[in-house]
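So the sequence shown is numbered by my numbering: it starts at 1 and just counts up by one.
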Amino acid sequence: MSLSIVKSVLSGGVIEIAPRGEIDVDTAYEVREAIAEVLTKGRPARIELNMRLVTFIDSVGISAMVAGFQTAEVSGVKLVVTEPSRFVHRQLWVTGLLGLFGAPEPYLAGTATPEVLPGA
1 MSLSIVKSVL
11 SGGVIEIAPR
21 GEIDVDTAYE
31 VREAIAEVLT
41 KGRPARIELN
51 MRLVTFIDSV
61 GISAMVAGFQ
71 TAEVSGVKLV
81 VTEPSRFVHR
91 QLWVTGLLGL
101 FGAPEPYLAG
111 TATPEVLPGA
């Protein structure tokens, strides 16, 4: 499977980088490059790496995330992971890196509690 990356500007000067697919030995450089590109264009308030649509990540992919974190930190920008898929969350937890990226809760599709209306 390939990897695609979408970058968006959120409110408050936050840049979101949202990879989709597998981050592995063949695609990890794309994550590093996306972070580096954001940093060369300016200094955002924060970079959010939205990992909701990442289906697989290996050690090379995690290494790319750490390298991106370090590059952002040197630039004075906080990089956090948001909405990690269950697989990504597990890999970050097992490697002891979950806290480095802001200790995000895993993204659980379809788990929103339905609103109960009074009298229903």
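C-beta atoms are modelled at their ideal positions from N, C-alpha and C, and glycine is treated no differently.
{"Item": "Alpha carbon of Val94 to alpha carbon of Ile23, nearest angstrom", "Value": "17 Å"}
{"Item": "Own chain, CB closer than 8 Å to Leu10, minus 5 neighbours either side, in chain order", "Value": "Glu16 and Glu48"}
{"Item": "One or two residues paired with Glu48 in a DSSP bridge", "Value": "Glu16 and Val80"}
{"Item": "Three-state class that DSSP yields for Ala120 in the structure shown", "Value": "With a pLDDT of only 47 at Ala120, under the threshold of 50, the placement of this residue in the model should not be trusted, and no figure is reported."}
{"Item": "Length of the line joining the Cα atoms of Met65 and Ala103", "Value": "14 Å"}
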